[in-house]
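Enquirer: Chains as they are written, first to last, in our numbering: chain A, 8 to 444; chain B, 8 to 444.
Handing you a structure now.
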């Protein structure tokens with residue numbers, strides 16, 4: 008059995024609904040369907056969810072909102088009519104309009120996009136509609152009650168095909184609660200985990216993840232397979248992938264997540280797998296991601312390691328100023344503290360003074376404009392020469408390497424370069440690993 | 008003017024004394040001569056200083072020592088007679104024997120090697136003998152009184168050639184104090200600094216430092232020039248060079264130190280220079296050194312950087328256990344703490360438990376058998392591609408790189424490899440930078 012989740016663009020219009028139907032019918036394992044609210048049909052369009060937020064603001068302060076709600080209502084009815092569905096949402100949409108004008112919470116209002124989307128999809132696919140409010144349970148602190156949720160899902164979802172709205176659930180008293188992050192993806196992930204399915208298919212408008220940022224690298228290769236760990240590392244360094252929290256339930260049950268494209272259903276997509284399931288035909292490097300605008304604080308102290316409190320005192324200065332340390336590579340008698348430029352802003356002088364007082368260094372230097380690039384790949388550890396190729400590609404472009412950090416896991420190498428070398432460096436590393444193979 | 012210092016092997020026998028004389032006479036700038044006690048003449052021989060320590064032990068517990076002292080005395084008298092010197096030490100040697108049997112401190116006893124060596128050398132060179140006790144002043148806490156020392160040196164040492172015994176000085180009351188580390192080298196360094204000479208020549212039995220350990224690399228290239236900073240880094244990583252403390256006075260005055268070979272006085276030797284004086288015809292990499300037997304504690308924690316106290320808490324665990332952190336390279340959500348295997352011994356379980364309690368990591372792993380290799384060179388920062396060549400050379404040998412740390416100064420790169428790859432790695436890096444050029 009597979010859980011399938013269709014994102015906003017896959018539910019944006021009747022024509023997209025037909026694509027979803029074709030996909031569901033192509034594989035009898037696709038029993039559980041989670042849907043988002045209709046997204047944009049084109050660049051000038053609005054997402055239903057955004058319109059519902061707007062609606063809530065208008066209606067709660069009592070200055071209209073009916074016009075916005077009219078458009079929302081019309082979007083759903085158009086899909087219904089174009090697909091010639093048995094269900095008629097007209098009445099429920101009007102009842103909901105009244106509810107939205109009453110004293111409802113924003114979570115209820117914005118959840119209606121997924122709710123109506125799922126109603127239409129269930130009717131169209133001939134599947135059973137199950138309201139997420141009945142199976143996704145939150146506790147009184149608005150946190151997911153995983154035990155209750157699992158039990159409810161297992162009670163309600165069996166031996167049939169089901170359509171479930173994503174993005175929300177409810178407390179025991181019926182009050183609707185939305186997920187703060189990860190939207191409908193997390194609903195699919197929770198269902199996949201609770202039911203222990205073979206695969207969680209996440210249908211989007213892209214054919215999976217790319218090995219590098221397409222704004223930097225021309226037409227980067229798609230990732231066929233990526234491990235949960237690699238995904239985490241790529242997303243940490245700015246790659247635009249699934250929100251981590253949304254994959255957590257599936258990850259905990261080791262359920263593969265397949266990122267697929269509703270508009271090109273035969274594309275291979277990206278399969279997110281547990282570590283053991285990687286196959287060795289893949290590229291050595293899985294992906295390259297990076298972030299700009301870090302600051303380096305270099306601290307030099309003769310016989311640094313002989314002062315056993317040195318590192319602790321140094322870290323304390325940053326902690327006391329509420330600044331996260333991202334990396335701290337060191338050479339002999341010199342350590343480089345890498346922090347976010349934004350977090351340091353306005354605190355430079357204070358930090359330097361405090362390091363001076365607490366750590367008595369021989370020299371402190373602060374340099375901005377550092378970019379960090381992560382070269383990520385589970386297979387890197389198995390093959391020697393990866394570092395050599397990374398640094399070779401940068402040397403060919405005459406990029407000056409400002410720092411290197413690699414822990415004992417060769418899952419990734421972090422390289423620091425000047426901001427102005429950022430794009431060039433990513434392109435060079437990409438070419439070395441993906442174009443030369 | 009130059010200060011010259013001659014080590015134990017340069018003063019081991021009459022034949023060595025003649026070499027010293029030839030060297031002094033070859034350059035009229037060589038006015039100040041510091042000597043060590045006679046060293047070994049061959050592998051079966053003993054150093055005078057070692058024999059004096061032995062003598063002290065015997066004589067202080069009153070069970071002889073005369074036989075040992077006889078050999079010491081004979082060594083000096085043989086040199087005196089073979090060189091047909093005007094001076095006759097016979098009487099003073101016998102007086103000293105009596106003194107050693109009285110209630111003298113060990114510092115006095117062991118200082119006599121340099122004392123008599125200098126007396127002979129002064130007579131042989133026709134220079135003035137100045138006892139170190141008169142110019143190297145220690146305070147009541149046995150620490151060098153730099154101000155007094157400088158003043159005394161400037162008063163006594165001018166307009167002539169002088170021979171001064173190394174290794175010791177005296178308190179104001181005349182009590183002899185020896186230097187705890189660095190022996191006669193530090194005496195030369197202090198004299199060079201106090202007199203502001205042009206160069207401090209340190210004459211030894213090797214033609215300078217080598218680019219790598221000759222026990223690992225066959226016939227490694229000598230270093231023509233090395234900066235104080237590079238020397239510090241090479242010595243930190245186990246290269247057998249001058250003791251840091253012994254070069255400090257000269258370093259503070261930016262006086263170049265020239266390591267030369269008494270047995271091959273025309274060899275270029277190694278010139279230790281301040282940073283600015285490096286010349287760009289040198290190799291990119293100055294030297295390669297390394298140490299075995301480090302332990303890595305890998306700590307993995309999801310969203311590590313979001314816990315701003317994480318690094319401080321981690322460092323505190325090691326501090327509380329009195330363990331120095333040598334490096335802590337990190338990747339995403341994973342940091343590797345590198346410590347000395349010896350310091351960790353017996354504390355492994357305790358450390359892991361404490362990290363678990365204070366840092367709540369997702370995973371901790373401890374691995375021994377790590378070697379650290381430092382590739383050092385002031386010129387590295389100026390040329391791109393150094394990292395590429397370092398890692399390329401290791402890849403060619405299929406060495407698995409277990410960690411990399413490079414701060415923002417490209418003065419050195421620290422690479423971690425398994426102990427069993429240590430020699431192979433040093434050889435590979437050496438070949439890449441010194442044989443292929």
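By construction, the Cβ of each residue, glycine as well, lies at the ideal position given by its N, Cα and C atoms.
Pull up the distance between the alpha-carbon of residue 438(A) and that of residue 381(B), whole angstroms please.
Expert: Distance between the alpha carbons of residue 438(A) and residue 381(B) is about 30 Å.
Enquirer: Kindly list the residues whose CB is nearer than 8 Å to the CB of residue 167(B), restricted to its own chain and excluding five residues on each side of it in sequence; keep chain order.
Expert: 38, 134, 135, listed in sequence order.
Enquirer: Give a yes or no on whether 9 Å exceeds the smallest Cβ distance from residue 263(A) to chain B.
Expert: For residue 263(A), the answer is no, since every Cβ of chain B falls outside 9 Å of its Cβ.
Enquirer: Which word fits residue 170(A), buried or exposed, when buried means at least 16 other C-beta atoms lie within 10 angstroms of its C-beta?
Expert: So residue 170(A) counts as buried.
Enquirer: On the three-state DSSP scale, how would you describe residue 367(A)?
Expert: In this structure, residue 367(A) counts as coil in the three-state DSSP scheme.
Enquirer: For the beta strand (DSSP E) containing residue 268(A), list its first residue and its last residue.
Expert: Start and end: 264-268.
Enquirer: Could you please give me the residues that DSSP links to residue 295(B) through a beta bridge?
Expert: According to DSSP, which records beta bridges pairwise, residue 295(B) is partnered with 382(B).
Enquirer: For residue 410(B), which residues of its own chain have a beta-carbon under 6 Å away from its beta-carbon, when the five flanking residues on both sides are left out?
Expert: For residue 410(B), where only same-chain residues beyond five positions count, the Cβ hits under 6 Å are 336, 343, 423.
Enquirer: Are the beta-carbon atoms of residue 199(B) and residue 207(B) separated by less than 9 Å?
Expert: In this structure, residue 207(B) lies closer than 9 Å to residue 199(B) by Cβ.
Enquirer: Evaluate residue 20(A) with the Cβ neighbour count: other Cβ atoms within 10 Å of its Cβ, from every protein chain shown; 16 or more gives buried, anything less gives exposed.
Expert: That one is buried.
Enquirer: Determine the chain B residues that contact residue 342(A) at a beta-carbon separation under 7 Å, and present them in chain order.
Expert: Chain B residues near residue 342(A): 414.
Enquirer: First and last residue of the beta strand (DSSP E) that includes residue 44(B)?
Expert: Careful: residue 44(B) lies outside any beta strand (DSSP E) and carries neither H nor E.
Enquirer: Taking 8 Å as the cut-off, does the region 295-315 of chain B touch the region 344-354 of chain B (at least 3 CB pairs, one atom from each stretch)?
Expert: As far as the Cβ criterion goes, the region 344-354 of chain B touches the region 295-315 of chain B, which means the pair count is three or higher.
Enquirer: Starting from the beta carbon of residue 359(A), find every residue of chain C whose beta carbon is closer than 8 Å, and list them in chain order.
Expert: Protein chains in the displayed structure are A and B, and chain C is not among them.
Enquirer: Just the C-alpha distance for residue 86(B) and residue 71(B), rounded to the nearest angstrom, thanks.
Expert: One C-alpha to the other measures close to 25 Å.
Enquirer: Beta-carbon of residue 426(B) versus every beta-carbon of chain A: anything under 9 Å?
Expert: With 9 Å as the cut-off, residue 426(B) does not count as an interface residue toward chain A.
Enquirer: What number of angstroms, rounded off, separates the C-alpha of residue 88(B) from the C-alpha of residue 431(B)?
Expert: Looking at the two C-alpha atoms, the distance is approximately 51 Å.
Enquirer: Please classify residue 51(B) as buried or exposed, where buried requires at least 16 other C-beta atoms within 10 Å of its C-beta.
Expert: Per the 10 Å Cβ criterion, exposed.
Enquirer: By the DSSP assignment, the beta strand (DSSP E) with residue 423(B) in it spans what residues?
Expert: Its beta strand (DSSP E) spans residues 419-425.
Enquirer: Where do the ends of the alpha helix (DSSP H) carrying residue 88(B) lie?
Expert: Residues 73-89.
Enquirer: Anything in chain B within Cβ reach of residue 333(A), meaning under 7 Å, just list it in chain order.
Expert: Simply 312.
Enquirer: Kindly list the residues whose CB is nearer than 8 Å to the CB of residue 105(A), restricted to its own chain and excluding five residues on each side of it in sequence; keep chain order.
Expert: Cβ within range, chain order: n/a, list empty.
Enquirer: Can you pull the chain A residues whose beta carbon is under 7 Å from the beta carbon of residue 98(B), in chain order?
Expert: Within 7 Å Cβ-Cβ: nothing; residue 98(B) doesn't reach chain A, min ~47 Å.
Enquirer: From 114(B), 252(B), 334(B), 201(B), pick the residue whose C-alpha is nearest to that of residue 182(B); which is it?
Expert: The shortest Cα separation from residue 182(B) among 114(B), 252(B), 334(B), 201(B) belongs to 114(B).
Enquirer: Applying a beta-carbon distance threshold of less than 7 Å, which residues of chain A neighbour residue 381(B)?
Expert: Chain A residues near residue 381(B): 339.
Enquirer: Could you tell me which residues DSSP puts in a beta bridge with residue 175(A)?
Expert: Partner(s): 185(A).
Enquirer: To the nearest angstrom, how far is it from the Cα of residue 435(B) to the Cα of residue 401(B)?
Expert: If you take the alpha carbons of residue 435(B) and residue 401(B), they lie about 6 Å apart.
Enquirer: So if I threshold CB-CB distances at 8 Å, which residues from the region 115-135 of chain B count as touching chain A?
Expert: For the region 115-135 of chain B, which is checked against every Cβ of chain A, not one residue is closer than 8 Å.
Enquirer: What are the boundary residues of the beta strand (DSSP E) that residue 445(B) is part of?
Expert: Residue 445(B) lies beyond the range of chain B shown here (8 to 444); nothing can be said about it.
Enquirer: List the residues of chain A whose Cβ lies closer than 9 Å to the Cβ of residue 385(B), in chain order.
Expert: Residues of chain A passing the Cβ test: none, with the nearest at roughly 13 Å.
Enquirer: With distances taken from CA atoms, which of 240(B), 213(B), 429(B), 363(B) is nearest residue 274(B)?
Expert: The shortest C-alpha separation from residue 274(B) is found at 213(B).
Enquirer: Is residue 343(B) helix, strand or coil by DSSP?
Expert: DSSP places residue 343(B) in strand when its eight states are reduced to three.
Enquirer: Compare the Cα-Cα distances from residue 26(B) to each of 150(B), 211(B), 73(B), 204(B) and report the closest residue.
Expert: Ranking 150(B), 211(B), 73(B), 204(B) by Cα distance to residue 26(B) puts 211(B) first.
Enquirer: Can you find a CB in chain B that lies within less than 9 Å of the CB of residue 244(A)?
Expert: With 9 Å as the cut-off, residue 244(A) counts as an interface residue toward chain B.
Enquirer: Is there a Cβ from chain B that is less than 9 Å from the Cβ of residue 187(A)?
Expert: Cβ-Cβ to chain B under 9 Å: no for residue 187(A).
Enquirer: Compare the Cα-Cα distances from residue 42(A) to each of 65(A), 17(A), 60(A) and report the closest residue.
Expert: Considering only alpha carbons, the answer is 17(A).
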